[in-house]
Structures are given as C-alpha cells and as structure tokens.
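Numbering-wise (the working numbering), the sequence shown opens with residue 16 and increments by one.
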Amino acid sequence: MKGKGEFDSGHSHGVENLGASSYYFWVLALNLVFFFGVLIEGFKSHSLTLISNAFHLIGDVVALAVSLFASVLARKPASLRNSFGLVRIEVLAALATSVLLIVTSFIILYNAGSRLFFTNYGSIPSPSSSDLTWFGFIGVIVNLISVMIVVRAAGEATLRRSNIVHFIFDALGWMVAILAGIVALLINFKPIDAIASIIISILIIGAAIQILTNVTKILLDSAPNEVDPIAIRDGIVQHFTQVEEIHHLHIWSLNSAQTALSVHVVISGEPSLHVAQELAISIKEYLRATFGIDHSTIEVECHLCDQPLHSTNGEHHH
Numbered sequence: 016m017k018g019k020g021e022f023d024s025g026h027s028h029g030v031e032n033l034g035a036s037s038y039y040f041w042v043l044a045l046n047l048v049f050f051f052g053v054l055i056e057g058f059k060s061h062s063l064t065l066i067s068n069a070f071h072l073i074g075d076v077v078a079l080a081v082s083l084f085a086s087v088l089a090r091k092p093a094s095l096r097n098s099f100g101l102v103r104i105e106v107l108a109a110l111a112t113s114v115l116l117i118v119t120s121f122i123i124l125y126n127a128g129s130r131l132f133f134t135n136y137g138s139i140p141s142p143s144s145s146d147l148t149w150f151g152f153i154g155v156i157v158n159l160i161s162v163m164i165v166v167r168a169a170g171e172a173t174l175r176r177s178n179i180v181h182f183i184f185d186a187l188g189w190m191v192a193i194l195a196g197i198v199a200l201l202i203n204f205k206p207i208d209a210i211a212s213i214i215i216s217i218l219i220i221g222a223a224i225q226i227l228t229n230v231t232k233i234l235l236d237s238a239p240n241e242v243d244p245i246a247i248r249d250g251i252v253q254h255f256t257q258v259e260e261i262h263h264l265h266i267w268s269l270n271s272a273q274t275a276l277s278v279h280v281v282i283s284g285e286p287s288l289h290v291a292q293e294l295a296i297s298i299k300e301y302l303r304a305t306f307g308i309d310h311s312t313i314e315v316e317c318h319l320c321d322q323p324l325h326s327t328n329g330e331h332h333h
C-alpha cells in the first residue's frame with residue numbers, strides 16, 4: 016500500500032543507482048577544500064586569476080551538491096502533488112548557478128579592467144608567478160581526479176556527462192593560470208594576471224550563457240534540441256498503419272536528462288478498448304526505442320477530438 020500522497024507512476028524519474036551518492040560526496044569534498052585554498056591564496060596574493068578561478072569553483076561545488084542531492088532525492092517517490100517527483104531541482108539550481116557565475120565574472124572583469132588600464136602596478140603587490148603555476152597544476156590534477164571519480168559513478172548518464180564536461184572546461188582555466196605564471200616568471204610582465212583573469216571570466220560567461228539558454232528552454236517547456244517533432248509525427252504515422260492522424264503533439268524536457276511527450280492519435284475503424292491500448296503501448300515502445308523518450312502519454316481516438324460528438328457543447332478541454 017502506498018503512503019498518503021504517494022503513488023506508482025510507472026516511471027523512474029531519479030538516479031537509478033544510489034551508489035552515485037558516495038562518488039559525488041568525495042568529489043564535492045575535494046573541490047570544496049580546493050575552493051577555500053584557492054580563494055584564500057587569491058586574496059592573500061592579490062591574484063585576480065586565482066580569485067576568478069575560485070569563483071568558478073563555486074559553480075563546480077553547487078553543481079556537485081545538486082548531483083549529490085539529486086541522487087538522495089531519487090529515493091523519494093513521486094506524489095499526487097509532485098507527479099514527476101523533484102527532477103527539476105537540477106534545473107533551478109543550474110539557473111541560480113549560471114546567474115551567480117555571470118555576476119561574479121562581470122565583477123572580476125570590472126576589477127581586471129580597472130587594474131589593467133587605470134592602476135599603477137608599482138602601487139600594488141604583484142602575485143607570485145609560483146602561486147599561479149603551482150595552483151594551476153594542482154587545479155588540473157584536482158579536475159582530472161574529479162573526472163575519474165565521476166566516471167565511476169553510477170546513475171543518470173547525462174548528469175554524469177555534464178559534470179565531466181564541466182571539469183574538463185575548468186582544467187582549461189587552470190591551464191591559463193599556468194601560462195600566466197610562466198609568463199610572469201620569464202618576463203616579469205605584471206599585467207598578465209589581469210589579462211589571464213579576463214580570459215578566464217570570458218570563458219566562464221560563455222559557459223554560463225549556454226547553461227542559461229538550456230535552462231530557459233526547459234522552463235519554457237520547449238522541445239529539446241536533439242528531438243525532432245516533425246520526425247516523431249511522421250514516424251508514428253508511417254510506422255503504424257492503423258494511425259490516420261496525430262494532433263496535440265507536445266514534447267518537453269522534465270530536466271536535462273528526461274523528455275516527456277503527450278499526443279492524440281486518431282486510428283481507423285472501430286477497434287476494441289484492448290486493441291487501442293495495445294496500439295498505445297506499441298507507440299510508447301517505438302518512441303522509447305527510436306527517440307529515447309521514456310515518458311509518453313498516448314490518447315487514442317476514433318475521430319478528431321474537436322468534433323461536436325465528443326461533448327455536449329462541442330468544446331474540447333485539455
């Protein structure tokens with residue numbers, strides 16, 4: 016028996032293997048410790064490069080916390096009020112993270128620009144080239160370790176892949192720090208720290224805008240880029256000879272990993288309820304196998320639903 020407000024939706028909306036929690040915990044702990052080390056050293060050495068990378072690490076920490084939280088929330092069943100579970104927590108956290116990254120990056124850009132064009136470099140301490148180089152190497156190592164741990168994590172493949180791409184992107188930022196440290200060591204070019212922080216901030220803003228774009232599409236219930244509504248519409252009609260027409264086709268993302276679909280299907284003849292249900296099941300299996308859509312709702316009709324015969328007042332309601 017289900018508890019109050021719980022029900023079996025017939026779909027799995029969370030991370031399937033709860034073993035992912037332990038992997039995300041260790042990666043989160045590693046990056047959190049490294050974040051505090053970079054932030055403290057960045058302010059201590061007056062290095063905008065380290066500070067900008069430290070704020071970028073905030074995005075990593077939040078993303079990992081969300082991954083950990085999502086793997087724990089997977090144990091919570093869907094309810095009548097939250098029929099899809101809590102899968103969009105990831106989306107809301109991504110929205111907050113991307114806004115935070117953009118704001119902090121523009122603050123760093125402002126400070127870097129001010130230091131680059133309006134500051135007498137003799138009046139401020141110069142960041143140590145060894146700090147930039149060593150923290151850069153440590154940053155690359157931390158990101159590689161994080162990638163290796165996340166690769167071994169079980170659970171949702173898309174969530175795991177997005178974290179891996181994030182760490183690889185971070186490693187590029189630390190490589191910029193290494194190059195800045197080498198330049199500062201070889202020619203004692205003090206503006207290199209501000210220039211490196213500008214490059215890193217621009218990279219961060221570009222990544223954050225991409226995240227915002229994807230999040231906006233999900234919140235607007237737009238069809239995912241990788242799904243072609245026309246191909247789905249034509250595929251159903253061509254694959255199932257009983258189908259005469261489809262309409263009210265809606266495709267949207269529950270989160271970055273799960274796609275949902277609902278559609279009205281008009282079939283020929285006067286099939287029994289059992290035959291109609293078998294057809295709906297076959298269409299769902301086709302959508303899952305061909306387009307990777309696991310959550311679909313098929314409404315089978317014997318003629319168009321907007322015909323007056325369907326209601327006494329001739330109206331159609333969703």
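For glycine and all other residues, C-beta sits at the position ideal for the given N, C-alpha and C.
- A Cβ-Cβ separation of about 7 angstroms places Asn68 in contact with Gly154 under the 8 angstroms criterion.
- Rounded to whole angstroms, the separation of the alpha carbons of Phe306 and Ala111 is 30 angstroms.
- For the pair Leu201 and Ile207, the Cα-to-Cα distance works out to about 11 angstroms.
- The C-alpha of Ile226 lies about 11 angstroms from the C-alpha of Ala108.
- The stretch 211-222 and the stretch 54-74 touch, with no fewer than 3 CB-CB distances between them shorter than 8 angstroms.
- About 5 angstroms separates the Cβ atoms of Ile308 and Leu276, confirming a contact at the 8 angstroms cut-off.
- For His263 against His279, the beta-carbon gap comes to about 4 angstroms, under 8 angstroms, which counts as contact.
- For Ser120, the closest alpha carbon among the candidates Ala223, Phe51 and Glu300 is that of Ala223.
- In terms of CA proximity to Val81, Phe40 leads the group Phe40, Lys59 and Ile117.
- Remark: C-beta atoms of Leu147 and Ala192 approach each other more closely than 8 angstroms.
- Counting the other Cβ atoms within 10 Å of the Cβ of Tyr38 gives 16 or more, which makes it buried.
- With respect to the 8 angstroms criterion, Leu116 and Ile219 are classified as neighbours on the basis of their beta carbons.
- It is roughly 22 angstroms from the alpha-carbon of Ser145 to the alpha-carbon of Leu45.
- Under DSSP, the beta-bridge partners assigned to Trp267 are Ala275.
- Judged by beta-carbon spacing, Val106 lies beyond the 8 angstroms limit of Leu79, meaning their Cβ atoms are not closer than that value.
- Per DSSP, reduced to three states, the secondary structure at Glu241 is coil, with no helix or strand assignment.
- Shown here for Glu316: same chain residues with a beta carbon closer than 8 angstroms to its own, the five before and five after excluded, namely His279, Val280, Val281 and Ile282 in chain order.
- For His61, the secondary structure class from DSSP, reduced to helix, strand or coil, is coil.
- Here DSSP, grouped into helix, strand and coil, assigns Val258 to strand.
- A straight line joining the alpha-carbon of Ser237 with that of His265 spans about 9 angstroms.
- DSSP lists no bridge partner for Ile219.
- Only exposed fits Thr228, as fewer than 16 other CB atoms lie within 10 angstroms of its CB.
- The shortest CA-to-CA distance from Val166 to any of Asn158, Ile156 and Ile179 is the one to Ile179.
- Under the 10 Å beta carbon count, Thr274 is surrounded by 16 or more other beta carbons and is classified as buried.
- Secondary structure of Ser311 (DSSP, three-state): strand.
- Ranked by Cα distance from Ile217, the first of Gly128, Val242 and Asn240 is Gly128.
- Nearest neighbour of Ile298 by Cα position, chosen from Ser311, Pro286 and Ser287, turns out to be Ser311.
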